[in-house]
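*Asks:*
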Amino acid sequence: MRDRLSIDPAHSSAQLLQRLRDTVPLTHCITNSVVTNFTANALLAIGASPAMVDIPGEAGMFAGIAGGLLVNLGTPAQEQREAAREAAVGAKAAGTPWVLDPVAAGVLPVRTAVALELASMGPTAIRGNASEILAVEGSGAGGRGVDASDSIESVAPAAVDLAQRTGAVVAVSGAVDLITDGRRIARIANGTPLLTLVTGGGCALGALIAAFLGAARDSGCDAFEAVVAAHVVYEVAAELAASPAGQSTAGRTPAVGPGTFAVRLIDALHAVTAADVSARAQVRLEDAPALAEVSA
Amino acid sequence: MRDRLSIDPAHSSAQLLQRLRDTVPLTHCITNSVVTNFTANALLAIGASPAMVDIPGEAGMFAGIAGGLLVNLGTPAQEQREAAREAAVGAKAAGTPWVLDPVAAGVLPVRTAVALELASMGPTAIRGNASEILAVEGSGAGGRGVDASDSIESVAPAAVDLAQRTGAVVAVSGAVDLITDGRRIARIANGTPLLTLVTGGGCALGALIAAFLGAARDSGCDAFEAVVAAHVVYEVAAELAASPAGQSTAGRTPAVGPGTFAVRLIDALHAVTAADVSARAQVRLEDAPALAEVSA
Amino acid sequence: MRDRLSIDPAHSSAQLLQRLRDTVPLTHCITNSVVTNFTANALLAIGASPAMVDIPGEAGMFAGIAGGLLVNLGTPAQEQREAAREAAVGAKAAGTPWVLDPVAAGVLPVRTAVALELASMGPTAIRGNASEILAVEGSGAGGRGVDASDSIESVAPAAVDLAQRTGAVVAVSGAVDLITDGRRIARIANGTPLLTLVTGGGCALGALIAAFLGAARDSGCDAFEAVVAAHVVYEVAAELAASPAGQSTAGRTPAVGPGTFAVRLIDALHAVTAADVSARAQVRLEDAPALAEVSA
Numbered sequence: 064m065r066d067r068l069s070i071d072p073a074h075s076s077a078q079l080l081q082r083l084r085d086t087v088p089l090t091h092c093i094t095n096s097v098v099t100n101f102t103a104n105a106l107l108a109i110g111a112s113p114a115m116v117d118i119p120g121e122a123g124m125f126a127g128i129a130g131g132l133l134v135n136l137g138t139p140a141q142e143q144r145e146a147a148r149e150a151a152v153g154a155k156a157a158g159t160p161w162v163l164d165p166v167a168a169g170v171l172p173v174r175t176a177v178a179l180e181l182a183s184m185g186p187t188a189i190r191g192n193a194s195e196i197l198a199v200e201g202s203g204a205g206g207r208g209v210d211a212s213d214s215i216e217s218v219a220p221a222a223v224d225l226a227q228r229t230g231a232v233v234a235v236s237g238a239v240d241l242i243t244d245g246r247r248i249a250r251i252a253n254g255t256p257l258l259t260l261v262t263g264g265g266c267a268l269g270a271l272i273a274a275f276l277g278a279a280r281d282s283g284c285d286a287f288e289a290v291v292a293a294h295v296v297y298e299v300a301a302e303l304a305a306s307p308a309g310q311s312t313a314g315r316t317p318a319v320g321p322g323t324f325a326v327r328l329i330d331a332l333h334a335v336t337a338a339d340v341s342a343r344a345q346v347r348l349e350d351a352p353a354l355a356e357v358s359a
Numbered sequence: 064m065r066d067r068l069s070i071d072p073a074h075s076s077a078q079l080l081q082r083l084r085d086t087v088p089l090t091h092c093i094t095n096s097v098v099t100n101f102t103a104n105a106l107l108a109i110g111a112s113p114a115m116v117d118i119p120g121e122a123g124m125f126a127g128i129a130g131g132l133l134v135n136l137g138t139p140a141q142e143q144r145e146a147a148r149e150a151a152v153g154a155k156a157a158g159t160p161w162v163l164d165p166v167a168a169g170v171l172p173v174r175t176a177v178a179l180e181l182a183s184m185g186p187t188a189i190r191g192n193a194s195e196i197l198a199v200e201g202s203g204a205g206g207r208g209v210d211a212s213d214s215i216e217s218v219a220p221a222a223v224d225l226a227q228r229t230g231a232v233v234a235v236s237g238a239v240d241l242i243t244d245g246r247r248i249a250r251i252a253n254g255t256p257l258l259t260l261v262t263g264g265g266c267a268l269g270a271l272i273a274a275f276l277g278a279a280r281d282s283g284c285d286a287f288e289a290v291v292a293a294h295v296v297y298e299v300a301a302e303l304a305a306s307p308a309g310q311s312t313a314g315r316t317p318a319v320g321p322g323t324f325a326v327r328l329i330d331a332l333h334a335v336t337a338a339d340v341s342a343r344a345q346v347r348l349e350d351a352p353a354l355a356e357v358s359a
Numbered sequence: 064m065r066d067r068l069s070i071d072p073a074h075s076s077a078q079l080l081q082r083l084r085d086t087v088p089l090t091h092c093i094t095n096s097v098v099t100n101f102t103a104n105a106l107l108a109i110g111a112s113p114a115m116v117d118i119p120g121e122a123g124m125f126a127g128i129a130g131g132l133l134v135n136l137g138t139p140a141q142e143q144r145e146a147a148r149e150a151a152v153g154a155k156a157a158g159t160p161w162v163l164d165p166v167a168a169g170v171l172p173v174r175t176a177v178a179l180e181l182a183s184m185g186p187t188a189i190r191g192n193a194s195e196i197l198a199v200e201g202s203g204a205g206g207r208g209v210d211a212s213d214s215i216e217s218v219a220p221a222a223v224d225l226a227q228r229t230g231a232v233v234a235v236s237g238a239v240d241l242i243t244d245g246r247r248i249a250r251i252a253n254g255t256p257l258l259t260l261v262t263g264g265g266c267a268l269g270a271l272i273a274a275f276l277g278a279a280r281d282s283g284c285d286a287f288e289a290v291v292a293a294h295v296v297y298e299v300a301a302e303l304a305a306s307p308a309g310q311s312t313a314g315r316t317p318a319v320g321p322g323t324f325a326v327r328l329i330d331a332l333h334a335v336t337a338a339d340v341s342a343r344a345q346v347r348l349e350d351a352p353a354l355a356e357v358s359a
């Protein structure tokens with residue numbers, strides 16, 4: 064058994080970016096009506112092949128031939144909900160890795176029920192903000208209402224628990240992202256506050272996770288590394304987009320407006336190199352059990 | 064009772080912009096599939112928090128917790144129509160201000176019926192072009208078909224009548240916008256023809272109205288002032304976006320193409336200041352009865 | 064009977080662009096959720112008037128008053144499928160020209176059935192990539208599965224056959240586009256590889272075809288010339304967008320990223336002139352029978 068912390072996330076992220084561009088994973092998206100266009104352009108820019116297939120009768124079989132699948136519950140109309148279930152079944156049967164993004168779970172009843180159902184169907188990864196992860200984790204939150212102000216750190220034990228119970232890699236988005244497979248925790252400090260000013264910034268990341276999971280198949284990298292890679296690459300590209308001259312933007316006022324930033328982000332996803340990723344990745348790794356002891 | 068004309072729209076618009084940014088109103092959108100992304104980005108840029116919640120079983124309860132609600136009938140699929148009714152009921156019960164944007168009412172039968180139904184459910188504001196307002200006003204138009212070439216001025220009596228019958232603030236978009244609460248009329252001369260070259264330019268304005276109505280709650284400003292403020296702020300931002308050097312663009316050829324303008328508009332909604340609004344607002348106020356006499 | 068090859072596509076394309084801007088054809092779109100915004104902005108930029116009307120009860124009557132109609136099957140939810148059938152009937156009854164874009168036909172079962180049904184309902188034009196055209200042609204492909212790597216040239220006989228059987232102008236998109244009405248073939252060498260990095264690049268072209276078909280009514284130009292014109296104008300605009308200084312970009316590395324390119328494409332659709340089109344059009348014409356002999 065290899066050392067849990069022996070992975071080099073900067074290296075594996077750069078490697079998986081290159082592999083994604085070599086293999087052009089077909090990335091099946093079932094996502095919300097606000098972000099379809101931005102999501103598809105982000106996937107094309109990074110080097111994947113997007114396809115929005117979100118009706119019953121098609122989603123199941125397509126999940127079987129896709130390289131990776133995203134199920135995002137942002138605007139879950141009835142046909143999309145049926146398609147999502149069908150796709151989850153199809154992905155499982157075919158071994159296609161898939162991502163659940165339970166947008167606004169815990170706040171809105173219809174999608175919360177669907178999110179809990181889908182979380183039990185074997186997603187490869189679950190991505191959300193702290194409140195959404197708490198809502199999907201459910202019993203761990205002890206029935207209290209979700210709280211949009213929950214911090215990343217306070218949700219860490221729930222994220223580890225959710226990962227251990229579902230077998231999914233769980234990713235919690237925030238100023239510092241937390242990613243865990245129940246054994247390991249990665250904290251990623253890349254990114255820019257401008258991402259919070261573009262609608263679908265997180266939704267597009269969910270799609271990139273699906274693409275990186277597709278790229279990681281038969282690569283020697285596991286799902287944890289793929290989810291970390293998606294975050295690192297996306298957020299390094301965001302840093303490049305936020306900063307006209309390419310310097311770090313941490314802690315400084317953005318030099319571009321949010322409209323311009325969204326356009327530059329697509330450019331940067333296309334331009335970002337494996338060398339950029341290696342040079343800029345800010346990932347900290349630890350064992351999940353250590354955290355469990357601290358929080359007990 | 065305060066003087067009907069005593070409001071200072073440049074001042075109240077600037078004030079409400081600041082208040083919106085301080086309070087970040089949760090803005091519930093039920094809108095058409097063409098403009099969801101642009102609308103959400105416009106709301107984020109101005110400082111509001113957008114949420115697209117457009118399925119039955121969720122829209123009603125969410126309208127109750129939102130700061131403001133937009134119901135736009137641009138692509139009214141069946142679930143959206145049900146969600147819109149549910150949201151109107153939920154908004155009324157909770158006192159959430161809401162905006163009806165009856166896109167293409169009068170031309171297309173399904174949405175015309177829904178628009179008339181929703182108009183009778185107590186919207187806080189109704190926004191449309193001249194033809195749409197005539198269609199919703201209905202009896203006032205005397206059964207004649209709507210006419211896309213109806214001028215703003217010719218529709219003024221119908222707008223006043225609609226406002227008086229429904230209790231809504233009625234906003235008619237055009238080169239000069241007309242806004243009335245049935246007692247007062249405001250005419251707003253800000254803006255740029257480039258707005259007509261960006262799809263969803265009017266739809267995003269509808270969403271901003273919902274956000275400004277949310278910001279105006281408990282502010283001392285009324286719904287009329289909030290609707291005026293949304294127009295002034297949006298159109299001042301559009302002027303800044305249309306003009307690379309920031310000069311007035313009135314009557315001159317735009318210096319930017321429509322693709323670039325749309326991006327710059329998002330930037331400008333983020334950058335526009337209360338001082339910009341105070342300095343550039345072009346609002347003319349009068350009593351509605353004066354108009355009624357003139358047009359009688 | 065006029066000489067089949069006597070048309071001057073550079074001239075007629077420039078002429079139809081001018082006519083489109085003079086007549087502002089109302090362009091009815093039933094299209095997928097990924098590209099609605101980009102499509103509407105492309106139509107506005109070129110000078111048409113877009114309207115997304117995609118629900119049953121409205122689509123049929125609206126197809127009767129529109130100048131041109133697009134039916135794109137990218138995300139064919141149930142209401143859209145019903146609306147598409149209704150619109151095809153309405154268009155036929157009113158003589159409105161219409162375009163079928165059978166996105167992913169041949170790969171996904173629900174849309175493939177709908178595409179075959181719609182193809183038999185008298186579309187004025189059918190636009191797709193090689194695999195999609197083979198799938199719609201159906202019997203010609205002899206039951207073998209579609210192959211995304213099918214080259215434009217290998218699909219030419221099937222395109223001619225499909226045009227002859229349906230009466231539609233058939234357009235096959237690729238590095239060189241092939242357009243045929245069953246008698247003539249045009250090959251168009253304009254464009255830029257950047258178009259493949261923007262989602263909806265082909266879908267927006269489908270909408271422009273509908274607009275150009277609308278502009279061509281009563282113009283003396285036929286549907287074949289209108290479909291050629293839409294391709295030439297769109298791809299000349301794309302060349303201008305891809306090249307900051309306006310030079311040809313053929314065979315060189317693009318100077319702009321895909322996000323910036325998409326914005327510049329909208330700008331260029333607005334700015335492109337009839338003179339640009341005349342000067343840059345790269346169209347080669349031949350008789351279809353000649354091809355049939357070669358391939359027999």
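Line order of the protein sequences matches chains A, B and C. Whatever position you read off the first sequence (first residue = 1), add 63 for the numbering used here. Whatever position you read off the second sequence (first residue = 1), add 63 for the numbering used here. Whatever position you read off the third sequence (first residue = 1), add 63 for the numbering used here. Glycine included, C-beta positions come from ideal geometry on N, C-alpha and C.
Using the Cβ count rule (16 or more neighbours within 10 Å means buried), how would you classify C:ALA351?
*Replies:* The residue in question, C:ALA351, is buried, as its Cβ has 16 or more Cβ neighbours within 10 Å.
*Asks:* For the alpha helix (DSSP H) containing B:LEU181, name the first residue and the last one.
*Replies:* Per DSSP, B:LEU181 belongs to the alpha helix (DSSP H) from 172-182.
*Asks:* List the DSSP bridge partners of B:CYS92.
*Replies:* In the DSSP output, where bridge partners are listed per residue, B:CYS92 has B:MET115 and B:LEU133.
*Asks:* Say whether the stretch 93-107 of chain B touches the stretch 83-92 of chain A, bearing in mind that this needs 3 or more beta-carbon pairs closer than 8 Å, one atom from each stretch.
*Replies:* No, the stretch 93-107 of chain B is not in contact with the stretch 83-92 of chain A.
*Asks:* Determine, using beta-carbon pairs with one atom in the stretch 132-139 of chain A and one in the stretch 283-291 of chain A, whether at least three such pairs fall under 8 Å.
*Replies:* No, the stretch 132-139 of chain A does not touch the stretch 283-291 of chain A.
*Asks:* Following the continuous alpha helix (DSSP H) through B:ILE109, name the residue where it begins and the one where it ends.
*Replies:* 99-109 is the span of the alpha helix (DSSP H), which, as asked, contains B:ILE109.
*Asks:* With H, G and I counted as helix, E and B as strand and the rest as coil, what does DSSP make of B:ALA313?
*Replies:* Reliability of the predicted coordinates at B:ALA313 is poor, the pLDDT of 49 falling under 50, and the value obtained from them is presented with this limitation in mind. It is coil, neither helix nor strand.
*Asks:* Since B:PRO113 meets chain A, which of its residues come closer than 9 Å, beta carbon to beta carbon?
*Replies:* Simply VAL97 and THR262.
*Asks:* Among residues of its own chain, excluding the 5 on either side of C:THR243, which ones have a beta-carbon nearer than 6 Å to its beta-carbon?
*Replies:* Excluding positions up to five away in sequence, the list reads ALA222, VAL223, ALA226, VAL233 and ALA351.
*Asks:* Nearest CA to the CA of B:ILE248: which residue from B:ASN100, B:THR99 and B:LEU348?
*Replies:* For the residues B:ASN100, B:THR99 and B:LEU348, the minimum Cα distance to B:ILE248 belongs to B:LEU348.
*Asks:* Does the Cβ of C:ASP85 have 16 or more other Cβ atoms within 10 Å, making it buried, or fewer, making it exposed?
*Replies:* Burial call: exposed.
*Asks:* Measuring straight from C-alpha to C-alpha, what distance separates C:ARG343 and C:GLU298?
*Replies:* Approximately 10 Å between the Cα atoms of the pair.
*Asks:* Among all the DSSP beta bridges, which residues are the ones paired with C:THR243?
*Replies:* C:THR243 pairs with C:VAL233 and C:ILE248.
*Asks:* Here's the rule I'm using: 16 or more other beta-carbon atoms within 10 Å means buried, otherwise exposed. How should A:ARG82 be labelled?
*Replies:* The residue in question, A:ARG82, is buried, as its Cβ has 16 or more Cβ neighbours within 10 Å.
*Asks:* Please classify A:ILE329 as buried or exposed, where buried requires at least 16 neighbouring CB atoms within 10 angstroms.
*Replies:* The residue is buried, with at least 16 neighbouring Cβ atoms inside 10 Å.
*Asks:* Leaving out the 5 sequence neighbours to the left and right, which residues in its chain are closer than 6 Å to C:SER341 when beta-carbon positions are compared?
*Replies:* ALA73 and ALA77, listed in sequence order.
*Asks:* Using the Cα positions of A:ALA270 and A:VAL162, report the straight-line distance between them to the nearest angstrom.
*Replies:* C-alpha separation (whole angstroms): 8 Å.
*Asks:* Out of C:GLY127, C:VAL177 and C:ALA126, which has the shortest C-alpha to C-alpha gap to C:GLN141?
*Replies:* Comparing Cα-Cα distances from C:GLN141 to each of C:GLY127, C:VAL177 and C:ALA126, the minimum goes to C:VAL177.
*Asks:* Quick check on A:GLU129 - is its C-beta less than 7 Å from some C-beta in chain B?
*Replies:* Residue 129 of chain A is actually Ala in this sequence, not Glu. So no, A:ALA129 is outside the interface.
*Asks:* Over what stretch of residues does the alpha helix (DSSP H) that includes A:VAL290 continue unbroken?
*Replies:* Note, A:VAL290: alpha helix (DSSP H), 286-305.
*Asks:* Taking the alpha-carbon positions, what's the B:THR175 to B:LEU303 distance?
*Replies:* Whole-angstrom Cα-Cα distance: 35 Å.
*Asks:* Between C:ASN100 and B:ASN100, is the Cβ-Cβ spacing less than 7 Å?
*Replies:* Yes; because the gap between Cβ atoms is below 7 Å, this pair is in contact.
*Asks:* Going by DSSP, name the residue or residues bridged to A:ILE189.
*Replies:* Beta-bridge pairing links A:ILE189 to A:LEU163 and A:VAL233.
*Asks:* Enumerate in chain order the residues of its own chain whose CB-to-CB distance from A:VAL98 is below 8 Å, with the five nearest sequence positions on each side excluded.
*Replies:* The answer, listed in chain order, is ASN135, GLY137, THR262, GLY263, CYS266 and ALA267.
*Asks:* Closest to B:ILE109 by C-alpha separation, out of A:ALA334, A:PRO321, A:ARG148 and A:PHE275, would be which residue?
*Replies:* The residue with the shortest Cα to Cα distance from B:ILE109 is A:PRO321.
*Asks:* Against chain D, does A:GLU121 count as a neighbour if the rule is that its beta carbon must be under 7 Å from one of theirs?
*Replies:* As a matter of chain content, chain D is missing from the structure shown, whose protein chains are A, B and C.
*Asks:* According to DSSP, C:VAL346 sits in a beta bridge with which residue or residues?
*Replies:* Beta-bridge pairing links C:VAL346 to C:ILE251.
*Asks:* So, at 6 Å on beta carbons, what are the nonlocal neighbours of B:VAL199 in its own chain, with the 5 sequence-adjacent residues on each side left out?
*Replies:* Excluding residues within five positions, the ones whose Cβ falls inside 6 Å are PRO165, ALA168, ALA178 and ALA182.
*Asks:* To the nearest angstrom, how far is the alpha carbon of C:ALA126 from that of C:ALA289?
*Replies:* Those two C-alpha atoms are separated by around 19 Å.
*Asks:* Just the chain C side, please: which residues come within less than 9 Å of A:LEU107 by C-beta, in chain order?
*Replies:* The answer, in chain order, is THR259, LEU260, VAL261, THR262 and PRO321.
*Asks:* Am I right that B:ALA129 and B:THR102 are in contact with their C-beta atoms under 8 Å? What's the rounded C-beta distance?
*Replies:* Incorrect: roughly 15 Å between the Cβ atoms, too far for contact.
*Asks:* Excluding five sequence neighbours on each side, which residues of the same chain lie with their C-beta closer than 6 Å to the C-beta of C:LEU258?
*Replies:* GLY264 and ALA301, listed in sequence order.
*Asks:* Here's a check: name, in chain order, each residue in its chain whose Cβ is nearer than 7 Å to the Cβ of B:ILE360, leaving out the five neighbours to either side.
*Replies:* With chain B represented from 64 up to 359, any question about residue 360 of chain B goes unanswered, as that position is not in the structure.
*Asks:* For B:VAL218, collect the residues of the same chain with a Cβ closer than 7 Å to its Cβ; drop the 5 residues on either side in sequence, then sort them by chain order.
*Replies:* Taken in chain order, the residues that qualify are ALA193, ILE196, LEU197 and VAL235.
*Asks:* Does any CB atom of chain B fall closer than 7 Å to the CB of A:VAL134?
*Replies:* So no, A:VAL134 is outside the interface.
*Asks:* Should A:VAL296 and A:LEU80 be called a contact, given that it needs their Cβ atoms to be closer than 7 Å?
*Replies:* Cβ distance < 7 Å, so A:VAL296 and A:LEU80 count as in contact.
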